[in-house]
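Worksheet: one structure, shown below.
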Amino acid sequence: MNRFTTILLAAGISAATMGATYAADNIKIAFIDPLSGPFAATGKQGLAQYKFAAEELVNKKGGVLGGSKFEIVAFDNKISAKESLIQLKVAIDQGIRFIVQGNSSGVANALTDAIKKHNRRNPEDRVIFLNYSAVDPALTNDKCNFWHFRFDANADIKMDALTDIIKDNGNIKKVYLIGQDYSFGKAVAAAAVKFLGEKRPDIEIVGNELHPIGKVKDFTPYARKIIASGADAMITGNWGSDMVGLGKSVISAGFKNPIFTYYAATDGITKTFGEAGEGVVKLVGEGQLNPPVSDRADAYTKAFKAKNPDLDIGQPRITNVMEMLARAINDAGSATDMVKIGYALEGMEHDSLWGTKVKMRTVDHQAIQNVHILAHTKSGITHDYDNSGYGLKTESTVEMASADAPTTCKMDRPAQ
Amino acid sequence: MSLFAVNILDGLVTGLLLFMLCSGLTLIFSMMGVLNFAHASFYMLGAYFGYQISAYVGFWPGLIFAPIIVGVAGALIERYGLRRVHQFGHVPELIFTFGLALLIEELVQFIWGKSQKAYEAPLALDFPAFAIAGNSFPAYKVFMIFMAMGIFLVLLYILTKTRIGMIIQAALSYPATVQNLGHNVPLVFMGVFGVGTAMAGLAGVIAGPVLGTFPGMAFQLGSIVFVTIVVGGLGSLWGALVASLLIGWLQTFAAAYNVGMSDLLIALGFEKPLDLANSALRDLWSLTLPQVGPILPYLLMVLILIMRPQGLLGKRET
């Protein structure tokens, strides 16, 4: 059934794209992320941000290479690695050479392997993978390759910044770790154990567990365990409905201590937490919306909101992906020579719309940028999330976080 | 021990919620032989209608009107959709309800969008009813328990003590005979389908604020509902109740205790491999109970089908 619909869909999409008359020199970018199923909200929001960023930051400024426009083509991977590989094939068959994906490191791991293999076998039409959200550290360590670029701070970098804050909080003596059972959840837990051990060996980790991803209907039993453990703080990498479910259960079970998260904002999450999350929910991430860093960032956010009243800028880094790709294509002087574009991207330093410098580290293709601890709050919010009045406000900032963190990446570079 | 008591209560809430879904489905299934794939979608519709009504006039009117709207929609779908497809046999019926489930999911996304809705429990019930060793138990969950219990008693009364109930029971086993006696069996079917879907809608209204109101909620609960009615026995209200509670507790306790597979294997006399990272059985050794929790109901279903195919309290072979 699934396979059949996929084929039908694929046929439909290719028929539709072939039939349409596009300007011949449009540069297509395949967006492969969930657009249906439990994580559809995250994917849909990402897609809207890409379309807006491509239009505002690239196309309206004259495009690249003297007039070529960016065009985002959406592919629904239903958050499945298998489905993503099928969609990747479809995208490549359509002649698309830039792949953006972010939701789920499981998917990113599958894509990066497939793209590496494809590029080795088809040196004539190579593909570049722009990963904007999958933060499993392995992607820029053991599994790194020349064609993969990560624009988000990885799980280790975020945890490094987060534990810097926990380090200075004497009230925290017991920490509970909980996450989704897949590569990213495991990476978060491993990083937390490592950094807490280094920075605050006195902190006791009273729980360290993984739950099935997207399958837990009711988090109450987990909340009970967390409270029974006497934890002073909780760290989770959960996202999507798993984040809302966990957060709501824990708060309604009577937890009053900070919940440190990676993704507890927007997609209805901010609104659902509302008042209950005030002073409890914290988030570690890149991109500062509140207070706005500049008039330009302020205007950009307002314009996005005017066009998509029900969506938010949940992943500010998407503007960096678009702007840096545009620069790399211009620097390379070609939208088809992936080797040149890859070399132009690595080592690139970019002034982000969100007030930070972004440096694409050459050694492992990991973007280095400012990482913030953001608080879920109502006060001092210019740009709220979910039209709820609540939003994320920067509490503290780690400048160019983990700029010299070690990597195990050994990259095979193509001949220039 | 206190954690145990809290988990008993939590499991009860989960189980009773499941029961509200299953009670309607088990009647529909045994009466019409229709595996209604869309049943959980009516649950989702209930949650969304409840959310929409609560946005204008508050939670309580939603609690009353949303299930009614869902029930009427269900009855109309039976009358003008399912009944026409029924004459072509089971496969078209299956496909019809399956398509309906997809259609409802898409419709919900189209109208309300893909992100989670901030559907909240009413303020009057938004306080901890009591706390056991620091674990507070929300008043809303107490309300859920009483609500589900009340529904069970009302249904039980109607099915066993009233004339309508007797006709329904008779139509369950011998529809042709009941029809020959002059009863309007299609009308009974429509009524049962409507009430069944209204119950699912009510479950949605009640569960929406706790489990989240988002387009994936039907999918999340869809398969477990079938497992429950098969375990309980088709057509048996008591069976649905017992199976729901059983599965509710099974899931709650599985998630609540971090018993590892390694504990079990060591207790059985196996030796833990020294070099676990390179052992072929590494995954087996590192499994924990919360991780295998979600498959336990399915395991239970397989066991029941082998040992007692008619289900725990079912009367006839499935």
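Chains as they are written, first to last, in the working numbering: chain A, 71 to 486; chain B, -5 to 312. The C-beta atom is built at its ideal place from N, Cα and C for all residues, glycine as well.
Contacts between B:Val0 and chain A, judged by CB atoms closer than 8 Å, involve Arg294 in chain order. DSSP places B:Phe187 in no beta strand (DSSP E) but in the uninterrupted alpha helix (DSSP H) bounded by Val179 to Leu205. In the assembly as shown, B:Ile260 is an exposed residue. Its beta-carbon has fewer than 16 other beta-carbons within 10 Å.
DSSP places B:Pro122 inside the beta strand (DSSP E), whose first and last residues are Pro122 to Ile126. Check the Cα spacing between A:Pro207 and each of A:Gly461, A:Leu117 and A:Ala178: the tightest is with A:Ala178. Scanning its chain for C-beta atoms nearer than 6 Å, with the 5 sequence neighbours on each side dropped, one finds around A:Val428 the residues Asn390, His420, Ser422, Ala437 and Gln439, in chain order.
Taking 8 Å as the CB threshold, B:Thr191 stays off the interface with chain A. Close partners of A:Asp380 in chain B (Cβ separation under 9 Å): Gly107 and Ser109.
Taking a contact to require three or more Cβ pairs closer than 8 Å, the segment 331 to 343 of chain A and the segment 99 to 118 of chain B qualify as touching. The secondary-structure analysis by DSSP pairs B:Pro132 across a beta bridge with B:Pro122. Between the segment 42 to 58 of chain B and the segment 13 to 31 of chain B, the count of Cβ pairs shorter than 8 Å is below three; the stretches do not touch. For the options B:Leu240, B:Ile145 and B:Ser280, the alpha carbon positioned closest to that of B:Leu290 is the one of B:Leu240.
Separation of B:Ala95 and B:Thr191 (C-alpha to C-alpha, rounded to the nearest whole angstrom) is 13 Å.
Within the DSSP secondary-structure output, A:Phe325 pairs in no beta bridge. Residue contact check for B:Ser130 against chain A: a CB pair falls below 8 Å. A distance below 8 Å separates the beta carbons of A:Gly355 and A:Lys228. Around the beta carbon of A:Lys287, 16 or more other beta carbons sit within 10 angstroms, so the residue counts as buried.
For B:Gly56, no beta strand (DSSP E) run applies; the uninterrupted alpha helix (DSSP H) run containing it begins and ends at Phe53 to Ile71, by DSSP.
In the three-state reduction of the DSSP assignment, A:Phe289 falls in the coil class. Remark: C-beta atoms of B:Ser230 and B:Lys155 do not approach each other more closely than 8 Å.
For A:Asn278, the uninterrupted beta strand (DSSP E) run begins and ends at Glu274 to His281, by DSSP. A:Leu316 and A:Tyr292 have their alpha carbons spaced roughly 8 Å apart. When the five nearest sequence neighbours on each side are left out, the beta carbons in the same chain lying within less than 8 Å of the beta carbon of A:Gly116 are those of Phe101, Asp103, Gly172, Asn173, Tyr202, Ser203, Gly384, Gln385 and Ile388, in order along the chain. With its beta carbon at least 8 Å from every one in chain A, B:Leu196 lies outside the interface.
In terms of CA proximity to B:Ala164, B:Val182 leads the group B:Val182, B:Tyr74, B:Gly227 and B:Ala125.
In the structure shown, the three-state DSSP call for A:Asn400 is helix.
Counting the other CB atoms within 10 Å of its CB gives B:Thr8 a total of 16 or more, which places it among the buried residues. Excluding five sequence positions before and after B:Thr282, the CB atoms of its chain that fall closer than 6 Å to its own CB belong to Asn252 and Gly254, given in chain order. At a cut-off of 8 Å between beta-carbon atoms, A:Val197 makes no contact with chain B.
B:Leu10 is outside the set of residues whose beta carbon lies under 8 Å from a beta carbon in chain A. Residue state for A:Glu141 is assigned as strand, using DSSP reduced to three classes. It is roughly 12 Å from the alpha-carbon of B:Leu149 to the alpha-carbon of B:Met141.
Counting every other CB atom within 10 Å of its CB across the protein chains shown gives A:Asn147 a total of 16 or more, marking it as buried.
Here the segment 185 to 203 of chain A does not lie against the segment 250 to 265 of chain A, with fewer than 3 beta-carbon pairs under 8 Å apart.
Taking all protein chains in view, the Cβ of B:Trp54 is surrounded by fewer than 16 other Cβ atoms within 10 Å, so the residue is classified as exposed.
Inter-segment contact for the segment 459 to 476 of chain A and the segment 407 to 420 of chain A is absent: fewer than three beta-carbon pairs are separated by less than 8 Å.
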